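These notes concern the structure reproduced below.
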Amino acid sequence: EEEEEADRILALPGQPKVSFQQFSGYVTVNEAAGRALFYWLTESFQNPLSQPLVIWLNGGPGCSSVAYGASEEIGPFRINKSGSGLYLNKFSWNTVANLLFLETPAGVGFSYSNRSSDLLDTGDLRTAEDSLQFLIRWMDRFPRYKSREVYLAGESYAGHYVPQLARAIVAYNAKSKHPINLKGFMVGNAVTDNYYDNLGTVTYWWSHAMISDRTYHQLISTCDFTQQKESNQCETTYSYAMDQEFGNIDQYNIYAPPCN
Amino acid sequence: CTEKYAEAYYNRPDVQKALHANTTKIPYKWTACSEELNRNWNDTDVSILPIYRELIAAGLRIWVFSGDVDSVVPVTATRYSLAQLKLSTKVPWYPWYVKRQVGGWTEVYEGLTFATVRGAGHEVPLFKPRAALQLFKSFLRGEPLPKS
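If you read the protein sequences in the order shown, they are chains R and Z.
Remember, the working numbering sits 545 above the position in the first sequence when you count from 1.
Remember, the working numbering sits 131 above the position in the second sequence when you count from 1.
Shown next, in the form of structure tokens:
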């Protein structure tokens with residue numbers, strides 16, 4: 546309980562008054578390397594003791610920080626323009642669930658590793674292992690969540706992190722006396738399959754009139770979407786499409802101007 | 132540009148203190164993304180579809196959604212990928228509604244629910260917060276999205 550109390554957030558600077566509880570801090574996931582992941586828990590403000598626990602991951606890779614999910618998507622607070630304070634998000638998901646934001650892997654946001662080389666060789670595998678270790682040890686700190694319904698959610702490259710963590714939990718549960726009550730996961734605009742994602746992406750660009758027929762046919766004929774690394778000719782065509790044909794748009798929201 | 136607000140807020144010492152963050156004085160600023168990790172990403176699955184097959188077989192509830200004005204991982208990319216799972220349909224394609232507006236379209240397959248979110252970009256809850264909350268509530272209840 547001491548560890549939990551030490552993580553209790555009394556109030557964040559510039560935060561409006563709220564009725565739900567918040568906790569944040571570090572969980573060590575690898576003693577040898579000195580790797581620790583940072584979390585922020587915003588409990589539900591209705592029935593926090595019975596609502597499910599939802600662990601939210603963002604993508605990148607390298608962008609699963611509290612800048613996205615927590616601060617501009619599903620979290621209870623939005624940050625104002627000057628960064629001087631917070632205001633409430635009317636459609637926060639902590640109306641119906643306890644939200645656990647995880648900065649993963651080490652090197653993202655406040656999560657860190659004392660072994661600096663970790664930032665140069667982390668990938669899907671270590672991220673799933675460390676996130677599982679985090680969850681197991683976090684539940685020791687918050688035992689009231691040990692048998693709670695757990696869901697994973699995320700977007701973008703978390704289309705990798707979320708299913709990979711779900712698979713790691715299922716494998717852990719098969720051997721554990723204290724299985725994690727994982728019920729499911731939900732992912733959005735999720736990186737799923739190299740070949741079909743890439744094929745679908747250039748098809749979307751063409752069907753939404755973002756690129757010319759000529760560029761579309763060049764992409765289809767010069768790119769081998771099964772490869773991680775495309776040929777120079779393919780890369781050149783991609784660059785032409787984005788630089789010359791897309792125009793001044795926000796690729797993440799195609800009918801809006803980019804953030805300067 | 133909301134990312135910039137986060138960079139301002141989370142680098143404030145008083146905010147880090149309140150969050151019990153940065154207790155080891157990390158030798159770099161807090162940033163929304165780690166360029167170093169991104170550039171040196173070591174291993175990545177070429178496809179996650181085999182994991183989907185495993186987890187569908189394990190009986191997990193799986194929902195996949197897509198904001199339809201994102202061009203980075205667009206709705207056609209997700210549809211081409213999910214089509215490879217060759218799942219049978221439980222509830223055929225229909226428009227779902229939120230506050231008497233079409234929130235998007237959806238289809239319920241055996242083992243997976245797919246839904247688009249009309250007018251939402253890559254970060255769906257940022258662009259369509261009301262629709263995203265409805266999506267989340269239906270997911271948690273394990274119920275198909277509202278037909279009206």
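Beta carbons are placed, not taken as given, at the ideal position from N, Cα and C, and that holds for glycine.
As the structure is a prediction and not an experimental result, all values here were calculated from the model.
- In the DSSP assignment, Z:Phe245 is bridged to Z:Val195 and Z:Glu238.
- Separation of the CB atoms of R:Leu647 and R:Leu677 is rounded to 11 Å, and the pair is thereby denied contact status at 8 Å.
- R:Glu694 is positioned such that its CB atom lies closer than 8 Å to that of R:Asn726.
- Our two residues, R:Ala711 and Z:Leu191, have alpha carbons roughly 9 Å apart in a direct line.
- DSSP, reduced to helix, strand and coil, places Z:Thr209 within a helical segment of the structure shown.
- Within chain R, no residue has its beta carbon less than 9 Å from that of Z:Ser219; the closest one is some 19 Å off.
- Residue pairing by DSSP places R:Phe730 opposite R:Leu697 and Z:Ile193 in a beta bridge.
- Close CB contacts of Z:Arg261 within its chain, under the 7 Å cut and outside five residues either way in sequence, are with Val229 and Lys230 (chain order).
- Within the stretch 225-254 of chain Z, the residues whose Cβ lies closer than 7 Å to any Cβ of chain R are, in chain order, Gly252, His253 and Glu254.
- Residue environment: R:His762 is assigned as exposed (fewer than 16 neighbouring CB atoms within 10 Å of its CB, all protein chains considered).
- In terms of beta-carbon proximity, R:Ile725 stays away from the interface with chain Z, with every pair separated by 8 Å or more.
- According to DSSP, R:Ser609 shares a beta bridge with no other residue.
- For R:Ile624, the enclosing beta strand (DSSP E) starts and ends at Phe622 to Ile624.
- Nearest to R:Phe687 by alpha-carbon distance, out of R:Asn643, R:Gly654 and R:Ser721, is R:Asn643.
- Contact residues of the stretch 674-697 of chain R toward chain Z are Tyr696 (C-beta to C-beta distance below 8 Å).
- Annotation: Z:Tyr228 is outside any alpha helix (DSSP H); the continuous beta strand (DSSP E) that includes it extends over Thr220 to Val229.
- R:Trp683 sits away from Z:Ser202, with the two beta carbons spaced by 8 Å or more.
- Using a CB distance cut-off of 8 Å, R:Arg580 does not count as an interface residue toward chain Z.
- Contact with chain R is found for Z:Pro260, since one of that chain's Cβ atoms lies less than 8 Å from the residue's Cβ.
- When secondary structure is reduced to three states using DSSP, R:Thr771 falls in the coil class, being assigned neither helix nor strand.
- Taking the C-beta atoms as reference points, Z:Ala163 is found no nearer than 8 Å to R:Cys779.
- In its chain, beyond the 5 residues on either side, Ile187, Ile193 and Leu218 have a beta carbon closer than 7 Å to the beta carbon of Z:Gly242.
- Chain-order list of chain Z residues neighbouring R:Ile600: empty, with the shortest C-beta distance near 13 Å, by a criterion of under 7 Å.
- In the three-state reduction of the DSSP assignment, R:Thr587 falls in the strand class, which pools E and B.
- Chain-order list of chain R residues neighbouring Z:Pro256: Glu618 and Ile619, by C-beta distance under 7 Å.
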